[in-house]
Structures are given as structure tokens and as C-alpha cells.
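Enquirer: Handing you this structure, nothing more for now.
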Amino acid sequence: MADSIPLNPVRKNSKIIAYYNTGRHSRYSQEDELASLDEMPLMMSEEGFENEESDYQTLPRTRVKQARGGLGWFLLGGWKMLCGRCWDCLTLVCRRKKEAKARTVWLGCPEKCEEKYPRNAIKNQKYNFFTFVPGVLYQQFKFFLNLYFLVVACSQFVPSLKIGYLYTYWGPLGFVMAVTMVREAVDEVRRYQQSKEMNSQLYSKLTVRGKVQVKSSDIQVGDLIIVEKNQRMPADMIFLRTSEKNGSCFLRTDQLDGETDWKLKVAVLCTQRLPALEDLLSINAYVYAQKPQLDIHSFDGNFTRVSGLLTVGLLDLELNRLTKALFLAQVLLAVVMIALQGFVGPWFRNLFRFIVLFSYIIPISLRVNLDMGKSAYGWMIMKDEHIPGTVVRTSTIPEELGRLVYLLTDKTGTLTQNEMVFKRLHLGTVSYGTDTMDEIQTHLVRTYAQQAAPSQAPGQPSSGAPSTGTASASTPSQKPAPAGPKVRKSVSSRILEAVKAVALCHNVTPVYEPSDDTTAETETAEADQDFSDDNRTYQASSPDEVALVRWTESVGLTLVTRDLSSMQLRSPAGQTLSFLILQVFPFTSESKRMGIILREESTGDITFYMKGADVAMTSIVQYNDWLEEECGNMAREGLRTLVVAKKVLSEEQYQDFESRYSQARLSLHDRALKVGAVVESLEREMELLCVTGVEDQLQADVRPTLELLRNAGIKIWMLTGDKLETATCIAKSSHLVSRSQDVHIFKPVSNRGEAHLELNSFRRKHDCALVISGDSLEVCLRYYEHEFVELACQCPAVVCCRCSPTQKAHIVKLLQQHTDNRTCAIGDGGNDVSMIQAADCGIGIEGKEGKQASLAADFSITQFKHIGRLLMVHGRNSYKRSASLGQFVMHRGMVISTMQAVFSSIFYFASVPLYQGFLMVGYATIYTMFPVFSLVLDQDVKPEMALLYPELYKDLTKGRSLSFKTFLIWVLISVYQGGILMYGALLLFESEFVHVVAISFTALVLTELLMVALTVRTWHWVMVLAELFSLLCYAASLAFLNEYFGVGTVSCGAFLDLPFIITPAFLWKVSAITGVSCLPLYIIKYLKRKFSPPSYSKLSS
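Sequence positions in the sequence shown follow this note's numbering and run 1342 to 2442.
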């Protein structure tokens, strides 16, 4: 006989990320596209929503995309878009993936699989052995800067276009490519080692030869894998068997939804019944798995996760645009030269020669300087002792850390430790905190000691726990139900009832570790079980439940055992209190409460306990005047509140309820409604016992870190899979939402009309935080994407709860599309990987939820508080240094190109190089490279000052450090200095024209060294050493390589004589030219700092 049982998969998301990425772009493609184009005014009256959903089609359509076309659009970027689409189509055809299909998997027989499945391997590399070189070359030459120099270098193979030696063009280009490949290779090796570490984790595989150890990457579809306690799931798996006799097991799904609470799962019945584990191989069975789905709760495939998207920083894109502007200026300058020449002779060839001659206006050293600078920034970040354990996994975008506007963060494990601590017990007239818990313990010890005494009166009220000496019969005469509410109870009895209710109303199961010399499946194991307190751990579906039970244990009432039908408590006096579980009503997001009906074995008393959120319990408990106020006070303190109540039932009342409840559960129509109605019949006039307050422990220094980021102008969005109440509570306790700010909780919406009304309501709010659920967010984005994002971006903080991994990534992309600002995503679990990879800058925290987020991120940190220093210090310095370095390198090329233009214009517009190839290479390398590159050590303020005044970070988000304005300023400086250097050399050395090259080149090198000195804001000993080293190298070149300082070629015989360079005339004239080129700029800079100082200079002074 074949058993056919529906399966609930055990999920692990490391194999489904690729599927998420493929489906993200078509998220709403199946919705009504026409409705998404409607422009409906958000302040429309409510009468407009009385019609049907289809009536919205009649509204005016105004949001229509403009037609793209025309030569202007083609020249201004349309060609790039068309080429990109063609490449995407070609890639899609060449790499077309197979359509996902349902699969049949035979137990323990991978060879029976009908098709070949991907390896169960995690891969974080960008390239493989064959694609590394072509991939790196493509990524480099797709930038205009490198492509331009490749064309120029190739042009030197044409004799009529040759300007200088081949090494002067191919040498720098080869050096740049070599540095880039080495950097990419180092990053790839690191990613490979990290992936290998994850793929090399060993698991036990059940085979006909017994248990064998296999690597995670060697697991195949159909293998039988034995997962030990506290071991990660290596793939999507079906739960077949467990060592527990009842087939239950507690699992954590933190890699799927980010929640670290334990969830109860039950094994497949027919495989759980097998006598031994090895019998799984002897049965002829298979698993049918449906095709992959986006729904994380129903997908049960086995996919390889491939990550490692190439990330390009905004600074690189800006420099690429400036490079294009320089190229246009270069071509324009060459055309002007040909025009002034009169277009005589082979002017087209001369035009190309001038373009090559002015090619130094676009410095090839720009890329290598920036890439080496980024590597230096990454090294500084990893060596910072204030943020130990930080790893830079993508060394190409450290400057992105200095330009962030939106920070999207996970909650569990990122802002919180997911460790609940009991903080408050409120009984209405008295409140107990952490410093007064010993009073509760004293009351419990006294009460149970009195009940255990032999002289205890037989008429003792049943609200106290009885002794275990005798198990008296259940008689209605023992129950003081009619007189209970009229008699004011003592504080001790109220404390006893409250603690007892908290200790009983939950879904917690105590678990005991088996001894080493016994196996869990033998009969002697249970007899030898160690039931001591030190060997007991608690497992539940929520960490709140565990915190409550641990608290009752700390005050003396301990949960000892629990199964599906009973539970036992141990009192402070050592008594064992046994209870039969009659009914359990689990917590749901709709009801926001859970209940349990128990029968006390010693007395037969039946009690209905219930706890839940204050919004759900207010209408259930008896009238009181303190519940709403105290719950509000606890919520403002950031505590998660639960209202606890009870109701004593007679035997007749319970029997009546049980019959109606059983009948409702057997109903074929509207079963859920009928069951809910029967349960609600009990939830009336319940006795309010207490209100508990539990705090989710925040990560270290979360509050000051969030405040630091807010002051820096960074808007923080919290995206979590947790429920709305928990997310709101954490937002308040972490000060993500300040005490003075209002919180607008977006009501659940399911259609367009409800979304419209709720958006209208939200629009009227000002300066308030937004809390919205994932379902409501999806409806709003379906119909009012632009309007919702516009309103949400105006909020000081946004909290999105019940978010799936796909929704998190979609929110990141929405912010990128609608705001054009830089985004950063931070998380610690596998469910955060898609969000981290979608952001401009991804940060992973290496925490309890594993290393998936850390491995997929650009930067890895160990604690959330480290993000403050990472952004305020390293991010700020990286961006300002990169901007300064890039503009200075471009200035260096523009100065020498200006001198070449002046030289050619004076000598009848001849396309003759001013300096020999060696001098050009030396100018960009040994003579000026070290001082210019030492700018990576410059800083405007100290790290302590940057952390003390995070407002300095705001200026960076505007991009003023590298803009067309600053670029034009450097262009004017370059033109001025190049003209002064060339005209000054020709004017002062008219009689010694043969020495013009040496004089002008010496003044040029000194000018560059002085400009570096004027740019530096904080001197470092390395900077001084670089200046002196470059100066000595140039002096040695004058002495020993003087043949390169002649005019024209060496064959002209124009050599530089050594005695000439030590004459006073040479020294003072070179000094005069250098002073005229630099002194006015220093004066302007001094005046500007005096009358319009930047913000950092005010702090420095």
C-alpha cells in the first residue's frame, strides 16, 4: 500500500536567491497595466470610491510615457541604450534557462532523477577561470577613459600617426590593466575562499554502507541527509524523520524570513513510523515537488545561489562623464589648431596627430591612481582598531560610503539581538520592575509554603496552587466564583495568580539534552534523562514566550515538562503541579491573542487562560481604568506588552463549549468563522490579571548610532519580516522614531479604493513616521507607486513589516529610481541578501544568522554600531580623498596639454611634441605620482571631530566635492598655470632658447609639487617624504639624463649642460615662473577661507 502525504518543506534560502533575482523585474507585470497609468488625484472625495473597481478605467489618463526618438536622443545616449538592449537580447538567447518544472525525487536514489540539477554550491565569485581576463577587460574598456587610451595606443602602430615611442602609450595602459587585474584577482580569491569555506561544511549522508561524511557542495537531489542539532540546513529539504518519538522538531527559519524563533515541525508520518533510520533506504518511495514559486512558504526546490554582481560607484560614473567632456575639449582644441593652420595639406592626418598630441589632457594615470587609492582605503578600513573584524569584500566602491542618503536595515539580528528580557509586571495598583523582582519571589515562596503546611485549611481558595499530597475531587463547592470579584484579594494572591497564568499560558516546551552514553531511541534513554535545571532549555515559536517562562522560573515557578496533552510546574516549595491540556488556541496575526484551557489534576478545576495584545484584550476583560494607560506607558518605553486574563469554568460550561467546538471543527462550510465564533463565546468578562512588559535586547549602542546617522542627514528605513506590533515597538525602543514624533500606522488595504483613502489620510500628516505592512505596501505600489514613494520619502523614518526578501529588494530599487540618491542596505541573514545586492552599497553583519549576508555584501562588519565610524570617518574620507585625487590628476594632464597647445601655436601650429616620451612618462609617474597619491592620507578633520559633528556628512550627499563647477575651476587653474609656465619660459629665456624644455619642465614639476602642498589640509610624514623623494629624483634626472631635455629629437644635438642649471639666473627665473603660477592661487584660497570658510575649517579652528 502506498502512502500519499502532503509535505511541508524545510526551507533554506541559499539556493533560491537566483530565482528571486530573475523574477524581481516582473513583479507587477500581471496587474492591470492600464490602471497603473491612471493619474487619480489623491485628495479626491470619498464619493469617488462608491463605484466598482472597474470604474477606475474611466478616469482621465495623463501619465503617458513620452515617445523616444530623434537624432538628438540617439546621440545623447540612445545609442548606448539600444546597444545595451541588443546585448541583453543576445545574452538571453545564449543563456536561456530551462523552464522551472515540477520534479519527482526518489528517496536515496539521486541517479533516478529525470534531469540534471545544478550543484548544491554557493558561489560568490564574479568570474571563473575562463571568463576572468575577458570579463575584466570588458568591464574596464566599457569606460570611455580606458577605451580612449586603447584607441590612441593602437593608433601608434600607424607610421603617419606615430608621435612618440610605443612604450610611452602601451606601458602606462598595460600598467593600469595589470593593477586592475591584480586587484580583481585578489578580490576573486577572497570570494573563492569564503565560498569554499561554506561549501566545505560536512554533513552526514545515509547510504547503503552507513553514514558517510559529504561536503555541502556534494549533496545531490535525492540524498538522505542527517542534520544534527544546531546545524544549518544545507539545502531545501523534506522533513522525513526525527529522533523524537512523536515526530516533532523545532526549526528556525532565520535564513528565510529573518526570524530566529523556533517553529514546530512534524515529520512525515509513514517515515517516522519506521523502526530504524536505515529503513529509509529499504522503502520504495519518492517525493513530488512542485515547480519553484516566489512564495517563500511553498517553494521546495534545490537551486544553486549565484551572487556577485559588479558594482560601479557613482564617483566612477561622474569621472567617466568628466572624461567625455575632456575628450570633446581635446577634439575642439585640435580642430582649432587645424583651422588656424588653414586646413592646408593633409589636414585630416594632422587633425588626428593633434588629437594624439593632446591625449595627455585625459590622464591614463587617473584610473590607476583611483584604483590604488580605493585599495588603500580598504586597507585602512580593515586595519582600523575601532571597528575590528570589518572586511572589505568589494574594493571598488569605498567612496560610496560617503554619499549615502537612505539606509535600509533589517531588524532581527541587526538592530536587535533577538534576546527577550522580562522587564515589567503590572497588576493595576502595583508595578514590579527588574529591581523589585525579588519581592515577587518572596510572595511566591511565602504563599506556597503556607499551602504546603499540614495545617492548611480545607477551604483554601482554589486560586492558589495546592500541595501534591492528595488529589482531591473536583467539586463546585470549592470554587469561589460568585464571591471572587466582590472580595478584594491580597497582593500575594494577585501575584500568585498572575505568575501562575504566565507560567501556564504559552506554547513553550522544555527540552533536555540526552546523556552521551545513551541514544534517544532506546527505552533506557528516558529513564536516564537528566531533568536538572542546568540541562533544561526552552523552545517555542516566539522568543517572547521563552522570556516569560524563564522569568517565572527565576521567581520560583518552573516549567518542568510538557507534551501535547499535559504540563507540569514545580513550585518554590518543591511541589509538582500537574495540569491536563484540554484545548489550545494558538496565536494568529488576525486574533492577536492565544489561549489555553487547563484542568488541574489535584483539584479538577478548569481554567481558561488568555493573553494577547492590548488592542485585542481590552474588549475581552472586565472593566478597568488602568489598562490602556499602562500599556501606553510601557510602549513608550519600548516594551512589548501582553495582557493576561483568566476565566474559571465549571464542568458544565466546559462540556457545553467542547461539544459546540467539536461540531464547529467538523463543519464543511465556513469552518474558520464557526470555530472563531465558538471561541469568542468564552472570551467575555474575563478577569484581568496583569500586564507584562518584555524588552527585545538591542544591539550595543544602537540608539546613539541611529541618532548619529539621522544627524548626518541619512534617512533610515527598517524592513523586517516581523509583525507590525513588534516592529513598531522596536522602532520606538531603538529611537528610530523619536519620542516627540507621531507614528502613522497604515491601515490594511486590499484594493485601489482603500489604498487611495489611506494615502489621502497619510498625506495630511506632517513629520510623522510611517509603519506599513508588506501586503498594504504591495497594493499601494501596484496602483500608486510614484505617489507612495514621494510621501514616504518625506517621512523621517519608515518601518515596513511582514516584508518578504523580494519586497525588500523592490523597495531598494524604488528608492533608486524615484530619488536618484545613493542607498545602503544592511542585514545579517540570508533573507537580506537580495536587499543587500540591490543596494548601491551593501553591508552585512556576521552574526547569529550565519554568514550569507556577510558573504554577499560589499562590506562586512561585526556589530551595527560600527556603521557609524564606517560612514562618518572612512566613507567621508574616501569620497573627499577620491574627489581631490581625481581632480588633481586631471589638472596634471590639463596643465601639460595647455603648454603643448601654447608651444604648437607659437611654432606655426606644428604637430610636434614639446617633451620627449621619457619625460612624459616620468612626469606622470616618478616625478609627481608619489606626492599626488599621498593625498589619500589627507584629512580635513580628525576622526573624533567627524563623529562629534555628523552634520559634516550632509555636505557630501550634494556631490559638491566633485561636480562640473569644481571641474571648471580646475580647468581654469590648469589653463592659467600652463599658459604662465610656457609663456614665462619663452619670455625669460629668449636668448637661451635651447634650454626652454629644461626650464619649462622644471617649473612644471615644481608647480605640481607646490600645488600638492597647497592642497594638503593635514600633513603626514609620508607626504613630506614623497615630496622630497620626487624632488631628488628630478634633480638626479637633470644631472644624469640631460639628453632628454633638448628641443626636438636627440639627433638635433640640443643637450642640457650641467653648469647651466646651477647658475643663479636659472634658479631665480625658474623660481619666478613657479611663484607667478602658484602665488595668486594661494592668495585666492586664503581669502576664500577667511571670508567664506568651509564647515570643516570652522571646527578645525
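Glycine included, C-beta positions come from ideal geometry on N, C-alpha and C.
Since the model is a prediction, treat every value here as computed from it, not as a measurement.
Pair every Cβ in the region 2139-2152 with every Cβ in the region 2057-2075, then say whether three or more of these pairs are closer than 8 Å.
Expert: Result yes; three or more Cβ-Cβ pairs closer than 8 Å.
Enquirer: I'd like the ranges of any alpha helix (DSSP H) spanning at least 4 consecutive residues and lying wholly in the region 2324-2387.
Expert: You should have 2337-2356 and 2362-2381.
Enquirer: Helix, strand or coil: how does DSSP classify A1617 here?
Expert: What you label residue 1617 is simply residue 276 of the sequence shown in a count that begins at 1. It is coil, neither helix nor strand.
Enquirer: What does the alpha-carbon distance come out to for the pair T1753 and L1507?
Expert: Taking the first residue of the sequence shown as position 1, residue 1753 is located at position 412. Taking the first residue of the sequence shown as position 1, residue 1507 is located at position 166. One C-alpha to the other measures close to 59 Å.
Enquirer: Once DSSP output is grouped into helix, strand and coil, what is the label at M1778?
Expert: In the sequence shown, the residue the question calls residue 1778 occupies position 437. Helix at M1778.
Enquirer: Hey, is the region 1571-1578 in contact with the region 1836-1846, meaning 3+ C-beta pairs nearer than 8 Å?
Expert: The region 1571-1578, when compared against the region 1836-1846, does not touch it at the 8 Å Cβ threshold.
Enquirer: Going by DSSP, which residues form a beta bridge with H1767?
Expert: Counting from 1 along the sequence shown, the entry for residue 1767 is found at position 426. Paired residues: S1772 and V2032.
Enquirer: In the DSSP assignment, find the unbroken beta strand (DSSP E) run with G1512 in it and report its ends.
Expert: Here residue 1512 refers to the residue found at position 171 when the sequence shown is read from its first residue. Segment Y1508 to N1540 is the alpha helix (DSSP H) holding G1512; no beta strand (DSSP E) there.
Enquirer: Can Q2318 and Q2038 be called in contact, C-beta distance under 7 Å?
Expert: Position 977 of the sequence shown, counted from the start, is the residue given in the question as residue 2318. Position 697 of the sequence shown, counted from the start, is the residue given in the question as residue 2038. Against a cut-off of 7 Å, the Cβ pair of Q2038 and Q2318 comes out as no contact.
Enquirer: Please work out which residues of its chain come closer than 7 Å, Cβ to Cβ, to W1967, disregarding the five sequence neighbours upstream and downstream, and give them in chain order.
Expert: Numbered from 1 along the sequence shown, position 626 holds the residue referred to as residue 1967. Cβ within range, chain order: G1769.
Enquirer: Indicate the three-state DSSP secondary structure (helix, strand or coil) for M1578 in the structure shown.
Expert: Against the sequence shown, residue 1578 aligns to sequence position 237. M1578 falls in the strand class under three-state DSSP.
Enquirer: I'd like the ranges of any beta strand (DSSP E) spanning at least 3 consecutive residues and lying wholly in the region 2262-2294.
Expert: The region 2262-2294 contains no whole beta strand (DSSP E) run of 3 or more residues.
Enquirer: Three-state secondary structure (DSSP) at Y1458?
Expert: By 1-based counting over the sequence shown, the position of residue 1458 is 117. Here Y1458 sits in coil by DSSP.
Enquirer: Which residue's Cα is closest to the Cα of V1887: M1761, S1932, L2366 and R1934?
Expert: In the sequence shown, counting from the first residue as 1, residue 1887 sits at position 546. Among M1761, S1932, L2366 and R1934, the Cα nearest to that of V1887 belongs to M1761.
Enquirer: Go ahead and pull the three-state DSSP assignment for G2185.
Expert: Looking up residue 2185 in the sequence shown gives position 844. In this structure, G2185 counts as strand in the three-state DSSP scheme.
Enquirer: How close, in whole Å, do the beta carbons of T1850 and A1881 come, if the pair is a contact with beta carbons under 8 Å?
Expert: As a first step, residue 1850 must be located in the sequence shown, where it is residue number 509. As a first step, residue 1881 must be located in the sequence shown, where it is residue number 540. Indeed they touch by this definition, with Cβ atoms about 7 Å apart.
Enquirer: Report yes if the C-beta distance between N1487 and Q1480 is below 7 Å; otherwise report no.
Expert: In the sequence shown, counting from the first residue as 1, residue 1487 sits at position 146. In the sequence shown, counting from the first residue as 1, residue 1480 sits at position 139. Cβ atoms of N1487 and Q1480: not closer than 7 Å.
Enquirer: Do L1745 and I2055 come within 7 Å of each other at the CB atom, strictly closer than that value?
Expert: Against the sequence shown, residue 2055 aligns to sequence position 714. Against the sequence shown, residue 1745 aligns to sequence position 404. Yes; because the gap between Cβ atoms is below 7 Å, this pair is in contact.
Enquirer: Which value, in whole angstroms, describes the spacing of the CA atoms of R2001 and L2100?
Expert: Position 660 of the sequence shown, counting from 1, holds the residue named residue 2001. Position 759 of the sequence shown, counting from 1, holds the residue named residue 2100. Each residue's Cα considered, the two are about 43 Å apart.
Enquirer: Could you tell me whether any Cβ in chain B is nearer than 7 Å to the Cβ of K2410?
Expert: Going by chain labels, chain B is absent from the structure shown, which holds only one protein chain.
Enquirer: Which residue wins for smallest C-alpha separation from E1740, given the options L1910, A1717 and L1756?
Expert: Residue mapping note: residue 1740 aligns to position 399 of the sequence shown, counting from 1. Nearest option by C-alpha distance: A1717.
Enquirer: With H, G and I counted as helix, E and B as strand and the rest as coil, what does DSSP make of V1446?
Expert: Position 105 of the sequence shown, counted from the start, is the residue given in the question as residue 1446. Of the three classes helix, strand and coil, the one that applies to V1446 here is strand, per DSSP.
Enquirer: For Y1701, which of helix, strand or coil comes out of DSSP?
Expert: In the sequence shown, the residue the question calls residue 1701 occupies position 360. DSSP places Y1701 in helix when its eight states are reduced to three.
Enquirer: Please report the straight-line C-alpha distance between S2223 and N1710, rounded to a whole angstrom.
Expert: Taking the sequence shown and counting its residues from 1, the one referred to as residue 2223 is at position 882. Taking the sequence shown and counting its residues from 1, the one referred to as residue 1710 is at position 369. Going by the C-alpha atoms only, they are around 9 Å apart.
Enquirer: Secondary structure at E1585, three-state DSSP: helix, strand or coil?
Expert: In the sequence shown, the residue the question calls residue 1585 occupies position 244. Coil.
Enquirer: By Cβ distance, which residues of its chain are closer than 7 Å to L2382, with the 5 residues on each side in sequence left out?
Expert: Reading the sequence shown from its first residue, position 1041 is the one you call residue 2382. For L2382, where only same-chain residues beyond five positions count, there are no Cβ hits under 7 Å.
Enquirer: Can you name, in chain order, every residue of its own chain whose Cβ lies under 7 Å from the Cβ of A1494, other than the five neighbours on each side?
Expert: Position 153 of the sequence shown, counting from 1, holds the residue named residue 1494. Within the same chain, A1494 has close Cβ partners Y1510, W1511 and L1514.
Enquirer: Taking three-plus beta-carbon pairs below 8 Å as touching, is the region 2243-2258 in contact with the region 2194-2205?
Expert: The region 2243-2258, when compared against the region 2194-2205, does not touch it at the 8 Å Cβ threshold.
Enquirer: Drop a sphere of 10 angstroms on the beta-carbon of D1946, count the other beta-carbons inside from all chains shown, and report buried for 16 or more, exposed for fewer.
Expert: Position 605 of the sequence shown, counted from the start, is the residue given in the question as residue 1946. When all chains shown are included, D1946 counts as buried.
Enquirer: Could you pull out every residue in the same chain whose Cβ sits closer than 8 Å to the Cβ of I1560, ignoring the five residues on either side in sequence?
Expert: One-based indexing of the sequence shown puts residue 1560 at position 219. These residues qualify, in order along the chain: N1461, Y1544, K1546, I1566, P1575 and A1576.
Enquirer: Terminal residues of the continuous alpha helix (DSSP H) containing E1970?
Expert: Sequence index remark: in the sequence shown, residue 1970 carries index 629 (1-based). Run containing E1970: L1968 to R1977, per the alpha helix (DSSP H) assignment.
Enquirer: Taking the beta strand (DSSP E) that G2170 falls in, what are its first and last residues?
Expert: Here residue 2170 corresponds to residue number 829 of the sequence shown, with the count starting at 1. Looking at the DSSP string, G2170 is not in any beta strand (DSSP E), and its letter there is neither H nor E.
Enquirer: For the putative contact between R1734 and F2200, defined by C-beta atoms under 8 Å, what is the C-beta separation to the nearest angstrom?
Expert: Taking the first residue of the sequence shown as 1, we reach residue 1734 at position 393. Taking the first residue of the sequence shown as 1, we reach residue 2200 at position 859. Correct: roughly 7 Å between the Cβ atoms.
Enquirer: Looking only at its chain, what residues have a beta carbon closer than 8 Å to the beta carbon of Y2423, apart from the 5 residues adjacent to it on each side?
Expert: Here residue 2423 refers to the residue found at position 1082 when the sequence shown is read from its first residue. For Y2423, where only same-chain residues beyond five positions count, the Cβ hits under 8 Å are L2355.
Enquirer: Taking 6 Å as the line, does the beta carbon of A2110 fall inside it for any heavy atom of the ligand NAD?
Expert: The ligand NAD is absent from the structure shown, which contains no ligands of any kind.
Enquirer: Is the beta carbon of K2073 sitting closer than 7 Å to the one on G1979?
Expert: As a position in the sequence shown, residue 2073 is number 732, starting the count at 1. As a position in the sequence shown, residue 1979 is number 638, starting the count at 1. Yes, Cβ-Cβ distance for K2073 and G1979 is below 7 Å.
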